[in-house]
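A.B. asks: In this text, residue positions in the sequence shown follow the numbering used here: the first is 187, and each later residue adds one.
Quick reminder that beta carbons are idealized off the backbone N, C-alpha and C, glycines included.
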Amino acid sequence: PAIRGVNESAFGRANEANLVDALRGVVSPFLSLVAEAEGQVVGHILFTPVTVASAAGDWQAIALGPMAVRPSWQNQGVGSALVPAGLTACLDTGQPIVFVLGHPRFYPRFGFTPAPPRGLRCEFAVPDDVFMVVELLPDALAGRGGLVRYHAVFAGT
């Protein structure tokens with residue numbers, strides 16, 4: 187209930203909360219972190235597996251999203267704490283490549299760069315600058331490209 191409440195309040199609708207609930211119910215493995223303050227959950231970040239289809243063969247990576255921060259806690263560093271904590275956890279679980287569909291002025295501070303110039307395309311029709319990737323290990327993307335496919339649950343939102 188706490189994670190759902192954060193997503194509903196952050197986005198002002200139930201879509202993202204429904205997505206998180208659905209993903210947590212069917213996707214394995216996933217990584218879910220919360221930020222707490224004053225005894226309540228004020229932020230949440232979710233990472234789920236993606237498949238990258240390429241001529242050389244499919245490969246696996248992970249995607250960040252959604253991330254949500256309660257409106258009363260936005261612009262206070264909650265999201266800026268969740269992202270690096272999540273990226274560290276991704277690397278600790280053997281995931282050196284992370285994608286995000288997100289705000290092009292927020293995510294670059296964590297090393298994310300546009301994915302299309304790296305030969306990576308998103309299955310969804312989104313502007314190039316919102317589809318980003320970060321390498322958590324040097325050259326993790328060397329020689330890799332392809333079409334990034336999110337879990338089917340994403341298509342239903």
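(1) One question on the structure: do leucine 306 and glycine 272 come within less than 9 angstroms of each other, judged by their Cβ atoms?
(2) Can you list, in chain order, the residues of its chain whose CB lies under 8 angstroms from that of valine 236, leaving out five sequence neighbours each side?
(3) Please state if the CB of methionine 253 and the CB of valine 227 are separated by a distance shorter than 9 angstroms.
(4) Is the beta carbon of alanine 239 less than 9 angstroms from the beta carbon of isoleucine 283?
(5) Tell me whether the beta-carbon of valine 213 lies closer than 9 angstroms to the beta-carbon of arginine 190.
(6) Alpha carbon to alpha carbon, how far is serine 266 from proline 294? Give it in angstroms, no decimals.
(7) According to DSSP, is proline 324 part of a helix, a strand, or is it coil?
(8) For serine 266, name the three-state secondary structure that DSSP assigns.
(9) Taking the DSSP output, what are the residues bridged to histidine 230?
(10) Residues bridged to leucine 306 by DSSP?
(11) How far does the beta strand (DSSP E) with valine 206 in it extend, from its first residue to its last?
(12) Using the rule of at least 16 other Cβ atoms within 10 Å of the residue's Cβ for burial, across every protein chain shown, is arginine 373 buried or exposed?
C.D. replies: The answer reads as follows:
(1) To locate residue 306, count along the sequence shown from 1; it is residue 120. To locate residue 272, count along the sequence shown from 1; it is residue 86. No; because the gap between Cβ atoms is not below 9 angstroms, this pair is not in contact.
(2) Numbered from its first residue, the sequence shown carries residue 236 at position 50. Within the same chain, valine 236 has close Cβ partners Gln246, Ala247, Ile248, Ala249, Phe285, Val334, Arg335, Tyr336 and His337.
(3) Translated into positions along the sequence shown, residue 227 becomes position 41. Translated into positions along the sequence shown, residue 253 becomes position 67. Not closer than 9 angstroms, so no.
(4) In the sequence shown, counting from the first residue as 1, residue 239 sits at position 53. In the sequence shown, counting from the first residue as 1, residue 283 sits at position 97. No, the pair does not count as a contact, with Cβ atoms beyond the cut-off.
(5) On the sequence shown, position 27 is the one that residue 213 refers to. On the sequence shown, position 4 is the one that residue 190 refers to. Cβ atoms of valine 213 and arginine 190: not closer than 9 angstroms.
(6) Start at 1 with the first residue of the sequence shown, and residue 294 comes out as number 108. Start at 1 with the first residue of the sequence shown, and residue 266 comes out as number 80. In a straight line, the C-alpha of proline 294 is about 11 angstroms away from that of serine 266.
(7) Numbered from 1 along the sequence shown, position 138 holds the residue referred to as residue 324. In this structure, proline 324 counts as coil in the three-state DSSP scheme.
(8) As a working note, residue 266 is residue 80 in the sequence shown. Correct three-state label for serine 266: helix.
(9) In the sequence shown, residue 230 corresponds to position 44, counting from 1. According to DSSP, which records beta bridges pairwise, histidine 230 is partnered with Val220 and Ala254.
(10) Translated into the one-based positions of the sequence shown, residue 306 becomes position 120. The bridge partners DSSP lists for leucine 306 are Gly332.
(11) Along the sequence shown, one-based indexing puts residue 206 at 20. For valine 206, there is no enclosing beta strand (DSSP E); the enclosing alpha helix (DSSP H) covers residues 201-212.
(12) One cannot answer for residue 373 here, as it falls past the ends of the chain, which runs 187 to 343.
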